[in-house]
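Structure first, then comments.
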Amino acid sequence: MYDTAHGMTTGAVARRLGVSPTTVRSWDRRYGIGPAVRAGGRHRRWSPADVSMLEEMCRLTAAGVPPAEAARAALEVRSGAPAGGDVSVGGPPAPVAVEPAAYLKEPSPAPARRAAAGSGLPLGEVWQECRGLARASVRLDSPAMESLLGTVLEEYGLVTAWEEIMSPTLHAVGRKWESSDDRYVEVEHLLSWHISTALRRAAVTGPAAASPAPPVVLACVPSEQHTLPLEALAAGLAERGIPTRMFGAAVPAEALDAAVRRSGPAAVVLWSQARSTANHALARHVAGTTFGVRGARTAPLVLLAGPGWLGRPPGPGTARPEGLRAALGIISRLYEESAGSEAAGG
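Numbering (the UniProt record's numbering), first residue to last: 1 to 346.
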């Protein structure tokens, strides 16, 4: 409950917004986003108008607006917000007019610098929505992450959302983790979970659920735990009406062999993130697996996906796509050719 006499403390405001108290103090120090009145001249006490201002700051930065510009817009919220009342009830603050270009334009290249604790994620030149997702993930702001991911998938489609926003943010979190003595692991876990949730929602809403066509088998090779690229591919195939069977992380060789023989797939995608997990013998075995009636037996096309497969040319019955867009193109053409052959033979 809000204390109308003294206002909310910085810690209480931070908990309400889902950010750290350090972030709130930093906004005050850097951009003047502080309480209009300070108790005793020193301690921060936040009024309802102050909290509305911070809520708008969170909303704008999560949308990718640069913090300095978001702060200027957020200050307008306080200037027009009611002076009293309980901020724990009621609707969201009225939107502030911000130039549309602030959301859509690509930022100027940032100067190169070493990542340090508290300096943000090393993103470089990326889309504004990518910066917004990064800021929300560092704040552990789950509602903002969920909203932004849903918006970019709807507005840009799966491939662009993955290549320009999701994947760059994941890579930036990984680089930050590597350069900060194992900090930010919680950021990586939360971001991965939200991206996985968004991708699975996209896959479920695709038209491929009842397709009679043979599926695409998606699996990580043994010892490989990175599944998000496969989840992105599964969602992209669902958009195109192509059925999939997702087997996830670290699929044992025997289980993969059984899955291929039982499902009779048109293609098998094997993901390897590092050369230490790439299993070329297993890939050759899968590419040589045949099924179907005698005299008309077929074998799946094996896609060697991920950086772990680099260094060797793909063997017979295999292909190595360079990214999500290429993998979708290869598989889509495979199904189009199959449909054309059936139509010609029918």
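For each residue, glycine too, the CB sits at the ideal point set by N, CA and C.
Original post:
Around the Cβ of P243, are there at least 16 other Cβ atoms within 10 angstroms (buried) or fewer (exposed)?
Top reply: For the purposes of this step, residue 243 is identified with residue 243 of the sequence shown, where counting begins at 1. When all chains shown are included, P243 counts as buried.
Subject >> Alpha carbon of R131 to alpha carbon of T277, nearest angstrom >> reply: Along the sequence shown, read from residue 1 onward, the residue named residue 131 stands at position 131. Along the sequence shown, read from residue 1 onward, the residue named residue 277 stands at position 277. If I take the Cα positions, the gap works out to 31 Å.
Original post:
Tell me which same chain residues have a C-beta within less than 7 Å of the C-beta of Q273, skipping the five on either side of it?
Top reply: One-based indexing of the sequence shown puts residue 273 at position 273. Here the set comprises E224, H226, G306, P307 and G308.
**OP:** Taking residue 381 and A266 to be in contact with their CB atoms under 8 Å, please state how far apart those CB atoms are, rounded to whole angstroms.
**Re:** Only positions 1 to 346 of the chain appear in this structure, which leaves residue 381 out of reach.
Original post:
If you follow the beta strand (DSSP E) that V269 is part of, which residue opens it and which one closes it?
Top reply: As a working mapping, residue 269 is identified with position 269 in the sequence shown. Its beta strand (DSSP E) spans residues A267 to W271.
Subject >> Spatial distance of W46 from P21 (CA atoms) >> reply: As a position in the sequence shown, residue 46 is number 46, starting the count at 1. As a position in the sequence shown, residue 21 is number 21, starting the count at 1. One C-alpha to the other measures close to 13 Å.
Original post:
Quick one: does the C-beta of G311 sit closer than 6 Å to a heavy atom of the ligand FAD?
Top reply: Among the ligands in the structure shown, none appear at all, so the ligand FAD cannot be discussed.
Subject >> Proximal residues to A63 (C-beta, below 8 Å), its chain only, five neighbours per side dropped >> reply: Translated into the one-based positions of the sequence shown, residue 63 becomes position 63. For A63, where only same-chain residues beyond five positions count, the Cβ hits under 8 Å are Y103, Q128, E129, G132 and L148.
Original post:
Starting from L140 and walking both ways along the beta strand (DSSP E), at which residues does that stretch end?
Top reply: Here the question's residue 140 lines up with position 140 in the sequence shown. It is not in any beta strand (DSSP E) - L140 carries neither H nor E in the DSSP assignment.
**OP:** Note down, in chain order, each residue of its chain lying with its Cβ closer than 6 Å to the Cβ of R78, except the 5 sequence neighbours on either side.
**Re:** Taking the sequence shown and counting its residues from 1, one reaches residue 78 at position 78. Around R78: A49 and M53.
Subject >> Residue nearest to S196 in terms of C-alpha spacing, selected from T23, A144 and P229 >> reply: The residue you call residue 196 lines up with position 196 of the sequence shown. For S196, the nearest C-alpha among the options comes from P229.
Subject >> Residue burial classification, P252 (beta-carbon count within 10 angstroms, cutoff 16) >> reply: As a first step, residue 252 must be located in the sequence shown, where it is residue number 252. P252 comes out exposed.
Original post:
Could you give the distance in angstroms between the alpha-carbon of A144 and the alpha-carbon of H194?
Top reply: In the sequence shown, residue 144 corresponds to position 144, counting from 1. In the sequence shown, residue 194 corresponds to position 194, counting from 1. In a straight line, the C-alpha of A144 is about 10 Å away from that of H194.
Subject >> Residue closest to A213, alpha-carbon to alpha-carbon, out of L237, T9 and A327 >> reply: Numbered from its first residue, the sequence shown carries residue 213 at position 213. Taking only the C-alpha atoms, the option nearest A213 is L237.
**OP:** Report yes if the CB atom of G258 is closer than 7 Å to the CB atom of W162, and no otherwise.
**Re:** Looking up residue 258 in the sequence shown gives position 258. Looking up residue 162 in the sequence shown gives position 162. Looking at the sequence itself, residue 258 is Ala, so the reference to Gly does not match. Contact: no.
Original post:
Which residue or residues does DSSP assign as beta-bridge partners of W46?
Top reply: By one-based count along the sequence shown, residue 46 stands at place 46. M8.
Subject >> Distance, E69 Cα to S142 Cα >> reply: Counting from one through the sequence shown, the residue named residue 142 turns up at place 142. Counting from one through the sequence shown, the residue named residue 69 turns up at place 69. Going from the Cα of S142 to the Cα of E69 covers about 23 Å.
**OP:** Look up L328 in the DSSP assignment and say whether it is helix, strand or coil.
**Re:** The sequence position of residue 328 within the sequence shown is 328, counting from 1. If DSSP states are grouped into helix, strand and coil, L328 belongs with the helices.
**OP:** Just list the beta strand (DSSP E) runs in the region 217-290, keeping only unbroken ones of 3 residues or longer that don't cross its boundaries, in chain order.
**Re:** 244-248 and 267-271
Original post:
What is the residue span of the alpha helix (DSSP H) that V24 lies within?
Top reply: If you number the sequence shown from 1, residue 24 lands on position 24. Taken as a continuous stretch (DSSP letters only), the alpha helix (DSSP H) holding V24 covers P21 to Y31.
Original post:
If we ignore side chains and look at the alpha-carbon of each, how far apart do P222 and A250 end up?
Top reply: Against the sequence shown, residue 222 aligns to sequence position 222. Against the sequence shown, residue 250 aligns to sequence position 250. In a straight line, the C-alpha of P222 is about 4 Å away from that of A250.
Original post:
Taking the alpha carbon of E188 as the point to measure from, which residue in T10, R201 and M166 has its own alpha carbon closest?
Top reply: The residue given as residue 188 occupies position 188 in the sequence shown. Of the candidates T10, R201 and M166, the one whose C-alpha sits nearest the C-alpha of E188 is M166.
Subject >> Cβ shell of I330 (< 7 Å), same chain only, five flanking positions each side left out >> reply: Along the sequence shown, one-based indexing puts residue 330 at 330. Hits under 7 Å: L303, A319 and P321.
Original post:
Taking the C-alpha atoms as reference points, what is the distance between A202 and S192?
Top reply: Numbered from 1 along the sequence shown, position 202 holds the residue referred to as residue 202. Numbered from 1 along the sequence shown, position 192 holds the residue referred to as residue 192. When rounded, the distance between both Cα atoms is 15 Å.
Subject >> Bridge-paired residues (DSSP) for T318 >> reply: As a position in the sequence shown, residue 318 is number 318, starting the count at 1. Answer by DSSP bridge pairing, in chain order: V302.
Original post:
So what does R38 bridge to, in DSSP terms?
Top reply: Against the sequence shown, residue 38 aligns to sequence position 38. Paired residues: R44.
Subject >> Length of the line joining the Cα atoms of A71 and P300 >> reply: Here residue 71 corresponds to residue number 71 of the sequence shown, with the count starting at 1. Here residue 300 corresponds to residue number 300 of the sequence shown, with the count starting at 1. The alpha-carbon atoms of A71 and P300 are separated by roughly 55 Å.
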